[in-house]
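Have a look at the structure below before the remarks.
Here it is as structure tokens:
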């Protein structure tokens with residue numbers, strides 16, 4: 104009897120280990136860090152800007168840490184270099200590089216006669232503070248002229264944890280002290296860190312969390328203090344850009360569903376939202392995104408910064424998203440079109456070919 108139980112535990116452990124190895128490799132290929140395969144090549148590795156072999160078209164590589172068309176660090180004359188500061192929305196490892204909006208933006212602008220290069224400085228899980236760190240660190244090497252901030256749910260998720268999670272009551276204002284502060288909180292022991300780093304744990308935790316969220320009483324709004332933090336982060340991005348000699352451009356955040364859709368959110372969308380959020384209701388999410396976008400408009404006006412209204416380009420277009428916040432290939436095309444149009448309207452990119460400009464109108 105005891106031996107049979109041992110065999111049962113052995114086969115369970117073997118099954119879970121096999122699943123974990125496969126999922127770890129899949130996650131590694133999608134750019135996530137893995138305890139088995141280490142770190143995938145990413146912006147976190149800080150490319151040196153060395154010359155690159157011509158055979159590879161898109162990064163990231165060891166020397167070109169951007170998921171966009173590979174260029175040399177040395178910028179040619181009369182080239183406008185555009186920096187995309189974002190997260191998984193722009194990195195999007197679920198799409199081939201040729202389909203994501205930073206690459207399509209460069210191709211659209213180039214086709215209309217503009218001399219541009221787009222550097223996709225985006226990675227899954229990054230918020231505005233990490234975008235600022237990357238810009239400060241890498242702008243002297245890559246010398247962007249324009250930096251477009253496209254952020255939203257990553258920072259909102261951080262603030263949900265800080266202000267609505269009872270177990271995390273410490274004030275997040277302490278975390279906004281100085282973006283160069285190296286202080287780090289105490290870490291759990293190595294066994295806890297290893298288990299939590301596995302892909303199986305991450306997936307199971309996400310789906311269990313989504314189920315738990317549907318059984319709880321959730322908040323319908325973030326407190327005003329959370330938006331004060333967002334304002335500080337956006338202001339810090341603008342200041343960092345100007346300190347580096349870069350023109351900042353803000354953007355609103357687009358989602359697949361809106362206030363009018365409350366009560367009719369598809370189950371896969373609600374599952375995706377609650378996988379990473381146990382505290383804010385669907386109404387709360389809609390309300391927070393609306394306030395976030397209004398904040399972007401206000402900050403653009405107060406700091407005299409151009410703004411691209413990406414959200415307005417998706418009034419009722421859920422089919423252009425693959426989930427609540429990530430785009431389908433057609434959605435990426437719509438974003439590229441909207442950003443290209445916005446840059447021209449702000450006179451940041453010349454409109455040299457009126458016929459090509461018509462192609463950049465929102466379909």
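Residue numbers (the working numbering): 104 to 466. Heads up, the beta-carbon is just placed ideally off N, CA and C, and yes, glycines get one too.
Tell me which same chain residues have a C-beta within less than 7 angstroms of the C-beta of residue 235, skipping the five on either side of it? For the purposes of this step, residue 235 is identified with residue 132 of the chain shown, where counting begins at 1. Same-chain partners within the cutoff: 282, 339, 340, 343.
Do three or more CB pairs link the stretch 228-247 to the stretch 197-210 at distances below 8 angstroms? no
Which of the three DSSP states, helix, strand or coil, is assigned to residue 199? Reading the chain shown from its first residue, position 96 is the one you call residue 199. Coil at residue 199, not helix or strand.
Pairwise C-alpha distance: residue 199 and residue 451: As a position in the chain shown, residue 451 is number 348, starting the count at 1. As a position in the chain shown, residue 199 is number 96, starting the count at 1. In a straight line, the C-alpha of residue 451 is about 28 angstroms away from that of residue 199.
To the nearest angstrom, how far is it from the Cα of residue 434 to the Cα of residue 424? Walking along the chain shown from the start, residue 434 turns up at place 331. Walking along the chain shown from the start, residue 424 turns up at place 321. Each residue's alpha carbon lies about 6 angstroms from the other.
Just the Cα atoms here: how many angstroms apart are residue 182 and residue 223? What you label residue 182 is simply residue 79 of the chain shown in a count that begins at 1. What you label residue 223 is simply residue 120 of the chain shown in a count that begins at 1. Rounded to the nearest angstrom, the two C-alpha atoms are 16 angstroms apart.
Touching by the beta-carbon criterion (3+ pairs, under 8 angstroms), the stretch 387-405 and the stretch 160-167: no
If the criterion is Cβ atoms closer than 8 angstroms, does the pair residue 428 and residue 354 meet it? If you number the chain shown from 1, residue 428 lands on position 325. If you number the chain shown from 1, residue 354 lands on position 251. No; because the gap between Cβ atoms is not below 8 angstroms, this pair is not in contact.
Residue 352 - partner residues in DSSP beta bridges: The residue you call residue 352 lines up with position 249 of the chain shown. In the DSSP output, where bridge partners are listed per residue, residue 352 has 251.
Since residue 389 is in the beta strand (DSSP E), which residue starts that stretch and which ends it? For the purposes of this step, residue 389 is taken as residue 286 along the chain shown, with counting starting at 1. Unbroken run through residue 389 is the alpha helix (DSSP H), 385-405; no beta strand (DSSP E).
Return the chain-ordered list of same chain residues with a C-beta closer than 6 angstroms to the C-beta of residue 399, the five sequence neighbours on each side being excluded. Sequence index remark: in the chain shown, residue 399 carries index 296 (1-based). Counting only Cβ-Cβ distances below 6 angstroms, and skipping sequence neighbours, we find 353, 355.
When the distance is taken between beta carbons, is residue 170 closer than 8 angstroms to residue 194? Taking the chain shown and counting its residues from 1, one reaches residue 194 at position 91. Taking the chain shown and counting its residues from 1, one reaches residue 170 at position 67. Cβ atoms of residue 194 and residue 170: closer than 8 angstroms.
Are three or more beta carbon pairs between the stretch 240-251 and the stretch 173-189 nearer than 8 angstroms? yes
Beta strand (DSSP E) segment containing residue 225, residue limits: Position 122 of the chain shown, counting from 1, holds the residue named residue 225. From DSSP, the beta strand (DSSP E) with residue 225 extends over 219-225.
Look at residue 322 and residue 382 and say whether their C-beta atoms are less than 8 angstroms apart. Numbered from its first residue, the chain shown carries residue 322 at position 219. Numbered from its first residue, the chain shown carries residue 382 at position 279. Yes. Within cutoff.
Taking only three categories from DSSP, how would you classify residue 212? Along the chain shown, one-based indexing puts residue 212 at 109. Here residue 212 sits in helix by DSSP.
Opening and closing residue of the beta strand (DSSP E) in which residue 183 lies: The sequence position of residue 183 within the chain shown is 80, counting from 1. Residue 183 -> beta strand (DSSP E) spans 183-189.
Look at the alpha carbon of residue 264 and the alpha carbon of residue 175, and state the distance between them as a whole number of angstroms. By 1-based counting over the chain shown, the position of residue 264 is 161. By 1-based counting over the chain shown, the position of residue 175 is 72. About 40 angstroms.
Round the Cβ separation of residue 387 and residue 334 to the nearest angstrom and send it over; I've been treating them as touching at under 8 angstroms. As a working mapping, residue 387 is identified with position 284 in the chain shown. As a working mapping, residue 334 is identified with position 231 in the chain shown. In fact, because the Cβ distance is near 19 angstroms, the residues do not count as touching under 8 angstroms.
Collapsed DSSP secondary structure at residue 264 in the structure displayed: As a first step, residue 264 must be located in the chain shown, where it is residue number 161. DSSP places residue 264 in helix when its eight states are reduced to three.
Sorted by chain position, which residues of the same chain lie with C-beta nearer than 8 angstroms to residue 426's C-beta, five sequence neighbours on each side aside? Residue 426 sits at position 323 when you count from the first residue of the chain shown. Hits under 8 angstroms: 359, 371, 372, 375.
Does residue 467 pass the burial test, meaning 16 or more other C-beta atoms within 10 Å, or should it be called exposed? Missing from the structure shown is residue 467; the chain here goes from 104 to 466 and no further.
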